[in-house]
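Undergrad:
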Amino acid sequence: MNMGKLPIWLFVTLTVPAVILALWTLLAEVTESLYWPSPLAIARVFPKTWLDGRMAEDVVPSLVRLAVGYLCALVIGIAIGLVVGSVRRLRLAVEPVFEFFRAIPPPVLVPIMMLIAGIGDGMKITVIAFGCVWPILLNTVEGVRGIDGIQIDTARSYSLRPTQRLLNVTIPSASPKIFVGARQSLAIGLIMMVISEMFAASNGLGYNIVQFQRLFQLKEMWSGIILLGIIGVAANAIFKLVEKRCLRWYLGMQSQER
Amino acid sequence: MQHVEKPPILSVESLRKVYGSGAGAVEAIGNLDFTIGHNELICIVGPSGAGKTTFLRCLSGLLAPTSGQVVLEGKKVEGPPEGMAVVLQEYSRSLYPWMTVYDNIELPLKAKGLSAGERKAAVTEALAAVGLSSSRKSYPWQLSGGMQQRVAIARAIAYKPKILVMDEPFAAVDAQTRADLEDLVRDIWQRLGVTVLFVTHDIDESVYLGQRVLVLSSAPTFIMEEVRINLPDERDQLSTRALPEFARLRTQVYELIQQAKHVTYRTQPAVAGEAVSHGA
Amino acid sequence: MQHVEKPPILSVESLRKVYGSGAGAVEAIGNLDFTIGHNELICIVGPSGAGKTTFLRCLSGLLAPTSGQVVLEGKKVEGPPEGMAVVLQEYSRSLYPWMTVYDNIELPLKAKGLSAGERKAAVTEALAAVGLSSSRKSYPWQLSGGMQQRVAIARAIAYKPKILVMDEPFAAVDAQTRADLEDLVRDIWQRLGVTVLFVTHDIDESVYLGQRVLVLSSAPTFIMEEVRINLPDERDQLSTRALPEFARLRTQVYELIQQAKHVTYRTQPAVAGEAVSHGA
Amino acid sequence: MTAAPTQTKKQTGKGSSREPLLWGLLGVGILLALFEIVPRFGLLNSRYVPPLSDVLAALGGQLTDGGFWVALGSTILGWLLGLAIASVLGVAGGVVVASIPILNRMLSSTIEFLRPIPSVALVPIAALLFGTTMQATLLLVVFASFWQVLIQVMYGVRDIDRVAMDTARTYRLGAFWTIRKVVWPSIMPYVVIGIRLAAAVALILEITGELVIGSPGIGKLIVVAQSSVATSTMYALVLVAALLGVLVNVGTRHIEGRVLFWHASVRSEGA
Amino acid sequence: GSEQKSAAANGELREAHVGAVPVVDVAALYVGEKQGYFEDEGLKLNIEFGQGSAAMIPSLLNGQFDMLYGGSVNMLQAAGQDLPIQAVAVGGRTTGVVGKDHGGVLVLPESGIENAAGLEGKKVAVNALRGLHEVSLWAAIKKAGGDPKKVTFLEMPLADMGAALESGRIDAASTSEPFLGVIEGDGAKNIASLYAEADPNFVTATYFTSTKMTETDPEFVKAFVRALEKSFAYADANPDAVRAELGNFTKIDPALIDSMTLTRFKWGLTTEDVRLIARLAADAESLEDPDKATDAVTAFLNEQ
Ligand SMILES: Nc1ncnc2c1ncn2[C@@H]1O[C@H](COP(=O)(O)OP(=O)(O)OP(=O)(O)O)[C@@H](O)[C@H]1O
Ligand SMILES: Nc1ncnc2c1ncn2[C@@H]1O[C@H](COP(=O)(O)OP(=O)(O)OP(=O)(O)O)[C@@H](O)[C@H]1O
Ligand SMILES: [Mg+2]
Ligand SMILES: [Mg+2]
C-alpha cells in the first residue's frame, strides 16, 4: 500500500516545483540576465557557498536566533492575546497601539531597538520576536473573541475556575486560530531573521544574503534565498507535525468524511 | 399563586426579559412570578418560541433579566450559581469537541474538586446510566445527535447538582431511550433530593415526570396555568401512563398549550383580558 | 422484501458504511437493501445511534458509502442529486447566521434560478406555513430552537423538491406545532407528489405520517422490520389517532424498537440468529 | 441585509458606536505620552529618540511643505493599491487552493518555499523589472502581503462549518452562490485578520521600497532626513506611517462591525 | 506629471535621470544645474535619491536611470561581478588633509585609542561592510602599522552610530559628514581621516553609467561629463554656493551646514585613480580581481 502511494506522493509534491524550475531555467537562459541566474548556475555555487563552513558559522547561529525569537513570540503573543481577547475595553484601547508599532518599518525600528537591546544576539532575537508576534497575537485575540457563546455558557454554568476555563475551554477553542498565526509567523520569522542581520551583524544567513547582494554576487545571493526557502519548507513540515498532534480533534472534526 | 408545600429553594420575582432595544426589541418574558420548593420536580411546557430557554438562561445566571430577579436559596442570582447543572437546548454545541466524551463529563467534576477516583466512578456511572459506556473514548463529533445529547445529560448527572435544569433534554433520542432516561431523572430526583426544572415539548413526558407542570403562554410569556400532577410518586412507564388520571391530565395540558399559542402577556392593559388579570 | 406498488424512484442496494478504519472503525450501516416508490412517504425509526443520519447522508450524496450504492431514478448517487431537499438533524448549524430568515430560505431558490417574484411568493408561503411570517427579518441566532428548526423546514418546503428528506425535523417544536407541521408534510406530499423520507423518534408520528415505517436495528444497522401502515389516506390528528388500528400499529412499532436496541447486523455469522438470517 | 448592522448596533446599547473610539484614543494617548516622557527624562537619549513635542514640531514643518503631501499621497496610493491587489489575489487564491485538495497538496511545498523569501532580496529584481517607479515597490508590496492573506484564507476555508457546507451541497447552490453566500461570509473573520496583517506589511514594504529603491513617497523623505541628521523630521515621518497603521485598525474595526455583526466575536461583546 | 510638462515646455532639452544618495557630493549637480551648465548641453537633470547603488544599479541597467552617483568601491565590485557599467567621472574625493576630511573614525575620548592601529581587537562600525569605509580603513590601519584582520567590523547605518558609540556597544564609528561633525560635537574624538590616510587623492565616489548607454548614446554621456566638469569647477571655487544648495535638497540643520567639511570638487578621473581603489579593495579582501574590474569599468574612460 505504501509502496503504491509513494509514486503518487512524489508526483503530487514535485510536479509544481519541477515546472517552476523548468520555466525559470528557460527564462534565465533566454534573458541571460545576471540578476536572473539559471538554477543550474545557482546549484553549482550552492555547495561551495553554504556547505564549506558557512553552515556552522552562519546558518546554525541564525537558526538558533530564529528559534528563540519565534518561541518568545509564541509565548508572548498567546499570553497577551488571551488577555486582550477576553477584555473588550482593553482590546479597544491597545489595538491601535499595536497597529502603531506594527506599521513602523524595521529599518527605522531596528535602530530604536538597538538603543534598548544592544547590538548582539539579544537585539536580533528581539527583532525576530517583534515581527513574529503580530500574527500570533491578532489571531489569538480573534480566536478568543470568536469562541462559541454556548461553550462559554457551559463553562460558566458548571462554575469552572478561571485557570480551568483558560486551559480547557479558551485555549483549545482558540487553538485553531492560534495555529494559523503561528504558521504565518514561521515565514515572517525567517524574513525578520534576514532583516535583523542587516544591522550590526557579522555572521548569519541573512547577513550573507545581504552581503552577496551588496557585492553583486547574485548567484550566491540566490543560493541563499533558496536555502531560506528550503528552511521554510522544513520548518513548515515540523510545524505540520506539531499541529497534527495538538489539533488532532480539530483536524479530525474538519476532515470528517463528506 | 398556588401554595407550595416544601420550603422554597428558588423564587422568581416579576421576571421580565427584553432582547435588544428600540424598534428591533423582542420581549421574550413578559412576567414570571413563582416559587419552587426544595426537591420539587417542575416541568415547563409552552409553545415554540415562548421564552422557556430565555427563562432558564435567566434562572441559571447566564443572562441578565431586564427587570425582576431570581432568588436562589435567599441569594439573588447574578452569575451561574454553584451546585446547579444545566443541560442546554443546543446540546451539541455545549460539548467541547476537543475532549473525548469521558473528558467532557469529567471536566466539571475537576472544577468541583473531586479526587481522581471519585471522578472516575462518577463518570463511569453516568455513562452507563445513559447507555454510552462504549463511547467514552469517542469525540462528540463522532457521535450521533442522540448520543451527543445523552453525553450532555450524563455530564449534568455526574455533576450531582442540587438543582438540575434541563432544556428539552430528550428531544433527539428514541422512544425507548427516552423512557429509560425519564425514569433515570425521576430516580435521581427521588434518590438524591435534587430539585429539577425540566422543559419539554412532550406533553406525556411532562405529566409523567412532573409534580407540577407550568404552562407558558407564547412570547412575551407568562404562566398561563399551573397544573398539579396528582399521580402517585411511584411511577412506571406502563402502569402510570395507563391511569385514567394520566389521560385526563395530558388532555388538560394539551388543551392549555393549544390556548397558549394565542395568549400573550401584555404590560399595557390592551386586549387579552385573562392575560392582564394574570399579570396584575 | 415486501412488495412496492409504485415504480421505484430510489433503490438502496446492499449499502454499508464504516466510519474510519483500523482499530477505531465504527460500522454504522451493516446492510441496507430496499426500494422506495414514486410519491411514497416512508418513515424511518430506530434506536439512537442506529445509523439513520448516516443513511440519509449516503442517500443524499453527502457521504460516500463504504460499499453498495443508492440508485435514484436509475442513476447512481454520487453527489447531492437534483430536486432533493434535506432537513439536517443539526438544523441550527444548517442555517447561515449571516443571513436573515428570509434570505436563508431564498438562497436555494436563487441557486435554482427562480425569478424574484416566484422566490418571494415561495418564501412567503413557506414562512406562513411554519408560522414564522413575523420573523422573516430576524437572524437565525435571534430565534428559539424550535423556530430555527421551522426555518430549516420552511427552506426545504419552499424549494419544492421531488424528494424531501427530513432528519428528526420536529424534535424541537411543541406538540401543537408538531401536529400542524405533520399535517403540512402530508399535505405537501399529497398535493405535490413528493417522495418523502422521514426520520423520527416519535412512534405516533411515524405511524400517523407514513405509508411504511422502516424499523432499523442499532448500529451496525439493517432493516429489522418494515411495517405497512394500512390507515386511510385521509388522516387527521384527532380521528386517525383514535383508530384502534393506529393503537395497534404504534404498539407494534414500539415493541420493534425495544427489540431493535438489542439486535445488530453482523457480517460474520456469529450470534444473533435473526440478524444473520436477515442479512444473508 | 443592510438594515441588520444598525439593528445589532442598537442592541449593543449605551452609545457604543463612540465607545470603541474613546478607548482607542485612550490607548494611543498613553503611548504618545510615553514617547514624550521617556526621552524627556533621559531614559533614552533625546538626540536619537527625540521627545514627541520635537517630533510634532518637525511634523508641523512637514505639513506646510507641498512635497510632503505629494509624497504622502503616492505612499498611500501605492500602499492601498498593493494591499488591494494582494487581498484580491490572496482571497481568490486561498479559496481556490484550499477548496481543491489536490491543488492544495501540489502547491503547499511551493508556497512554503516562496513565503520566507524576504522582500529585501527581491529589491534588485523589482528594480530591474520596473526601475525606481511605483511598480517596483508595488511588486514588493504585493509579494510580501499576498502570503498573509493567502494563508489566512486557506485556514479560513478549512474552518468552514461542515453542516453549513453540507447544506449548500444538498441544495446544489453551485460554485457561484456557495462561494458568495457561504464560503465568503464564513471565511470573513479570517479575511479581516489577513487584511489587517497584510495592511501593516504592505505599508512597511511600501516605505522600505521607497527607502531602498527610491521610488516616490515618504520613504524617500525618510532617507533624506536620515542622512541629514534630521532625527526629529525622520521620526515625524515615521509617526505619519504609524498613524496610517492606526487608521487601518479603525477602518477594519468599522468594517468588521458591519460585516461580522452575526459572528460570535462581535455578538458576544454586544451583550 | 511634472516631467512631461517640462519636457513639453523645453522641447529640445533631454531629460537626464540621475540616481544618487543625498550627500554633499551631489550638491555639484544642483550647483551646475543652477548655473545652467546642463541646460547648455541640452540636458535637464532629474535627480532621484535612493539608499545605495546596490539597489539602484538594476534601474541603471534597465534604462530607468541614465547616470548613477555611487561609492567608488561599490562600482568596482559591480564591475568585478561582470555587471556592464562604465565609470564616467569623479563624484567626490578626499580633501587630502588629515584631520580635516569629510570622513573619519570616531572613538570616545576615554577609550584610549589614539590612531587607526589602536583599533585592533575593537568593534568598529562601518555603514556597509566591504564598502568604501572598510576598504579605506584597512589601508589607514595598515599605514598606521596595525593589522586590520584583528579588527571586528560591524555594519550599521550612519545615523545609528552615535548612539551605539555613546552607549559603548561599539568602540569606534567610521562615519562621514554630516554625522562626523555632529558626533564630534558631542565629544567624540576623530582618530583617523581614513580617506586621506588611504591616499591623498582617494576618489570616494564616481559617476557611472551602463555600458549600453556608452555604446548607444555616447554623446549624451559626453555632454553630461562636460556639464559636470564645469559644475565641479564652479563648486570648487564657490563653497558657499555648495552650502546653499545643501540646504535645499537635504534636511541638514543650517548651522551644521556652515561648519561641515565639504568634499573636494577636484575634477579628473583616470584609470590609475580607479586602479588604486581597486587595489586597496583587493587588499581589504573586498574585490577578487582588481585589474579585471578596473579594466572593465574604465573602458569608456580610456576611449576618450
Ligand atoms: N438573542 C436573541 N435576540 C433576539 N431575540 C431572541 C434572542 N433569543 C431569543 N429571542 C426571542 O425570544 C423569544 C423566546 O425565545 P426562547 O429561545 O426563550 O424560546 P423557547 O421557549 O425556548 O422556544 P423553543 O421551544 O422553540 O426552544 C423568541 O421569540 C425568540 O425569537
Ligand atoms: N464522523 C463519525 N465518525 C465516527 N463514527 C461516527 C461518525 N458519525 C457517526 N458515527 C457513528 O455511527 C453510528 C450511527 O450514527 P448516526 O448519526 O447515523 O445515528 P442516528 O441513527 O442518526 O442516531 P440519532 O437518532 O441519535 O441521531 C453511531 O454509532 C455513531 O457513533
Ligand atoms: Mg428553547
Ligand atoms: Mg441522527
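Protein chains in written order, with the numbering used here: chain X, 5 to 262; chain G, 24 to 303; chain W, 24 to 303; chain C, 1312 to 1582; chain F, -17 to 286.
Ideal Cβ positions, reconstructed from N, Cα and C, are used throughout, including at glycine.
How far does the alpha helix (DSSP H) with W:Gln234 in it extend, from its first residue to its last?
TA: On the third sequence, residue 234 of chain W is found 211 positions in, with the first residue counted as 1. Premise fails: W:Gln234 is in no alpha helix (DSSP H) and is neither H nor E.
Undergrad: Applying a beta-carbon distance threshold of less than 9 Å, which residues of chain G neighbour X:Pro139?
TA: Counted from its first residue, the first sequence places residue 139 of chain X at position 135. Correct list: empty, because the minimum Cβ distance to chain G is about 22 Å.
Undergrad: Return the CA-CA distance between C:Thr1544 and X:Tyr162, expressed in angstroms with no decimal places.
TA: Locating residue 1544 of chain C in the fourth sequence gives position 233, counting from the first residue. Locating residue 162 of chain X in the first sequence gives position 158, counting from the first residue. Spanning the two alpha carbons is a distance of roughly 58 Å.
Undergrad: Return the CA-CA distance between C:Trp1334 and X:Arg95, expressed in angstroms with no decimal places.
TA: In the fourth sequence, the residue the question calls residue 1334 of chain C occupies position 23. In the first sequence, the residue the question calls residue 95 of chain X occupies position 91. So the two alpha carbons sit approximately 9 Å from each other.
Undergrad: Report the rounded CA-to-CA distance for C:Tyr1359 versus C:Thr1542, giving the unit in angstroms.
TA: For the purposes of this step, residue 1359 of chain C is taken as residue 48 along the fourth sequence, with counting starting at 1. For the purposes of this step, residue 1542 of chain C is taken as residue 231 along the fourth sequence, with counting starting at 1. Near 7 Å, if we compare the C-alpha coordinates of C:Thr1542 and C:Tyr1359.
Undergrad: Quick one: what's got a C-beta closer than 7 Å to F:Asn215's C-beta in the same chain, skipping five residues either side?
TA: The sequence position of residue 215 of chain F within the fifth sequence is 233, counting from 1. According to the sequence displayed, residue 215 of chain F carries Ala and not Asn. If we look at F:Ala215 and ignore the five residues flanking it on each side, its Cβ neighbours are Trp249.
Undergrad: Excluding five sequence neighbours on each side, which residues of the same chain lie with their C-beta closer than 6 Å to the C-beta of G:Tyr119?
TA: Position 96 of the second sequence, counting from 1, holds the residue named residue 119 of chain G. Cβ neighbours of G:Tyr119 beyond the five flanking positions: Asn127.
Undergrad: What does F:Thr186 reach in chain X if we use C-beta pairs closer than 9 Å?
TA: If you number the fifth sequence from 1, residue 186 of chain F lands on position 204. Per Cβ cutoff of 9 Å: no residues; F:Thr186 is ~17 Å from chain X at best.
Undergrad: Can you give the beta carbon distance from F:Arg75 to F:Arg246, rounded, assuming they're within the 8 Å contact cut?
TA: Along the fifth sequence, read from residue 1 onward, the residue named residue 75 of chain F stands at position 93. Along the fifth sequence, read from residue 1 onward, the residue named residue 246 of chain F stands at position 264. With 8 Å as the limit, F:Arg75 and F:Arg246 qualify as a contact, their Cβ atoms being about 5 Å apart.
Undergrad: Going straight from the alpha carbon of F:Ala260 to that of F:Gly53, what length do you get?
TA: Locating residue 260 of chain F in the fifth sequence gives position 278, where the first residue counts as 1. Locating residue 53 of chain F in the fifth sequence gives position 71, where the first residue counts as 1. Cα to Cα, the separation comes out at about 12 Å.
Undergrad: So, with DSSP's three-state summary, where would you put G:Ile211?
TA: The count along the second sequence starts at 1 and reaches residue 211 of chain G at position 188. Note: G:Ile211 maps to helix in three-state DSSP.
Undergrad: Is the CB-CB distance between F:Thr191 and F:Leu65 below 8 Å?
TA: Residue 191 of chain F sits at position 209 when you count from the first residue of the fifth sequence. Residue 65 of chain F sits at position 83 when you count from the first residue of the fifth sequence. Not closer than 8 Å, so no.
Undergrad: Tell me where the beta strand (DSSP E) around W:Pro31 begins and ends.
TA: Stepping through the third sequence from its first residue, residue 31 of chain W is reached at position 8. Run containing W:Pro31: 31 to 42, per the beta strand (DSSP E) assignment.
Undergrad: Is the region 192 to 201 of chain W touching the region 187 to 196 of chain G, taking contact as three or more C-beta pairs under 8 Å?
TA: yes
Undergrad: Does the distance from the CB of F:Ala37 to the CB of C:Ala1536 come in under 8 Å?
TA: Reading the fifth sequence from its first residue, position 55 is the one you call residue 37 of chain F. Reading the fourth sequence from its first residue, position 225 is the one you call residue 1536 of chain C. Taking 8 Å as the Cβ cut-off, F:Ala37 and C:Ala1536 do not qualify as a contacting pair.
Undergrad: So if DSSP puts F:Ala155 in a beta bridge, which residue, or which two residues, is it bridged to?
TA: The residue labelled residue 155 of chain F in the question sits at position 173 within the fifth sequence. F:Ala155 pairs with F:Leu88, F:Ala107.
Undergrad: Report the partner residues of F:Tyr189 according to the DSSP bridge assignment.
TA: Translated into the one-based positions of the fifth sequence, residue 189 of chain F becomes position 207. Note: F:Tyr189 sits in a beta bridge opposite F:Tyr51, F:Ala71.
Undergrad: Any chance the region 185 to 202 of chain X sits against the region 1386 to 1394 of chain C, with 3 or more Cβ pairs inside 8 Å?
TA: At 8 Å Cβ cutoff, the stretches do not touch.
Undergrad: Could you work out which residues of chain C lie near X:Phe104, taking near to mean beta carbons separated by less than 8 Å?
TA: Your numbering for residue 104 of chain X matches position 100 in the first sequence. Under the 8 Å cutoff, chain C gives Val1339, Leu1342, Ala1553, Leu1554, Gly1556, Val1557.
Undergrad: For chain W, is any of its Cβ atoms less than 8 Å away from the one on G:Pro48?
TA: Translated into the one-based positions of the second sequence, residue 48 of chain G becomes position 25. The amino acid occupying residue 48 of chain G in the given sequence is Ala; Pro does not appear at that position. Taking Cβ atoms only, chain W never reaches closer than 8 Å to G:Ala48, which makes this a no.
Undergrad: Are the beta-carbon atoms belonging to W:Cys81 and W:Pro70 less than 8 Å from one another?
TA: If you number the third sequence from 1, residue 81 of chain W lands on position 58. If you number the third sequence from 1, residue 70 of chain W lands on position 47. Not closer than 8 Å, so no.
Undergrad: Can you tell me the Cα-Cα spacing of W:Ile65 and G:His224, whole angstroms?
TA: As a working mapping, residue 65 of chain W is identified with position 42 in the third sequence. As a working mapping, residue 224 of chain G is identified with position 201 in the second sequence. Rounded to the nearest angstrom, the two C-alpha atoms are 24 Å apart.
Undergrad: Mind checking if X:Pro11 is an interface residue toward chain F, Cβ cutoff 8 Å exclusive?
TA: On the first sequence, residue 11 of chain X is found 7 positions in, with the first residue counted as 1. Not closer than 8 Å to any Cβ of chain F, the Cβ of X:Pro11 fails to qualify, so no.
Undergrad: What did DSSP end up calling F:Met242 once you bin it into helix, strand or coil?
TA: For the purposes of this step, residue 242 of chain F is taken as residue 260 along the fifth sequence, with counting starting at 1. Coil, per DSSP.
Undergrad: Please tell me whether X:Gly263 has its Cβ less than 8 Å away from any Cβ of chain F.
TA: Only positions 5 to 262 of chain X appear in this structure, which leaves residue 263 of chain X out of reach.
Undergrad: Under 7 Å Cβ-Cβ, which residues of chain G neighbour W:Gly169?
TA: For the purposes of this step, residue 169 of chain W is taken as the residue at position 146 of the third sequence. Those within 7 Å of W:Gly169 in chain G are Ser71, Gly72.
Undergrad: Starting from W:Glu63, trace the alpha helix (DSSP H) both ways and give me its first and last residue.
TA: Locating residue 63 of chain W in the third sequence gives position 40, where the first residue counts as 1. Run containing W:Glu63: none; DSSP gives neither H nor E here.
Undergrad: Sorry if obvious, but does the Cβ on G:Ser158 come closer than 7 Å to a heavy atom of ligand 3?
TA: Along the second sequence, read from residue 1 onward, the residue named residue 158 of chain G stands at position 135. No - ligand 3 has no heavy atom lying nearer than 7 Å to the Cβ of G:Ser158.
Undergrad: For chain C, check one thing: does any of its Cβ atoms lie closer than 8 Å to the Cβ of X:Gly150?
TA: Looking up residue 150 of chain X in the first sequence gives position 146. Cβ-Cβ to chain C under 8 Å: yes for X:Gly150.
Undergrad: For X:Pro115, go through chain F and note every residue whose CB falls closer than 8 Å to its CB, in chain order.
TA: Residue mapping note: residue 115 of chain X aligns to position 111 of the first sequence, counting from 1. Those within 8 Å of X:Pro115 in chain F are Pro139, Ala141, Asp142, Ala145.
Undergrad: Please return the same chain residues whose Cβ sits closer than 7 Å to the Cβ of C:Leu1514, not counting the five positions on each side in sequence.
TA: Here residue 1514 of chain C refers to the residue found at position 203 of the fourth sequence. Closer than 7 Å at the Cβ level, and outside the excluded window around C:Leu1514, lie Trp1390, Ala1552, Leu1555, Gly1556.
Undergrad: Leaving out five residues on either side along the sequence, give the residues of the same chain with a beta carbon under 6 Å from the beta carbon of X:Phe102.
TA: Position 98 of the first sequence holds residue 102 of chain X. Around X:Phe102: no qualifying Cβ.
Undergrad: Output the residues surrounding ligand 1, defined as those with a CB atom closer than 5 Å to any ligand heavy atom, in chain order.
TA: G:Tyr42, G:Val49, G:Ala51, G:Ser71, G:Gly72, G:Ala73, G:Gly74, G:Lys75, G:Thr76, G:Thr77, G:Ala242, W:Gln165, W:Leu166, W:Ser167, W:Gly168, W:Gly169
Undergrad: Taking the Cβ atom as the reference point for each residue, do C:Ser1576 and X:Glu146 lie within a distance shorter than 8 Å?
TA: Start at 1 with the first residue of the fourth sequence, and residue 1576 of chain C comes out as number 265. Start at 1 with the first residue of the first sequence, and residue 146 of chain X comes out as number 142. Result yes, Cβ atoms of C:Ser1576 and X:Glu146 sit closer than 8 Å.
Undergrad: Strictly under 8 Å for the Cβ-Cβ distance: is W:Pro103 near chain C by that measure?
TA: The sequence position of residue 103 of chain W within the third sequence is 80, counting from 1. At least one chain C Cβ lies under 8 Å of W:Pro103.
Undergrad: DSSP three-state label for F:Thr76, please.
TA: Numbered from its first residue, the fifth sequence carries residue 76 of chain F at position 94. F:Thr76 falls in the coil class under three-state DSSP.
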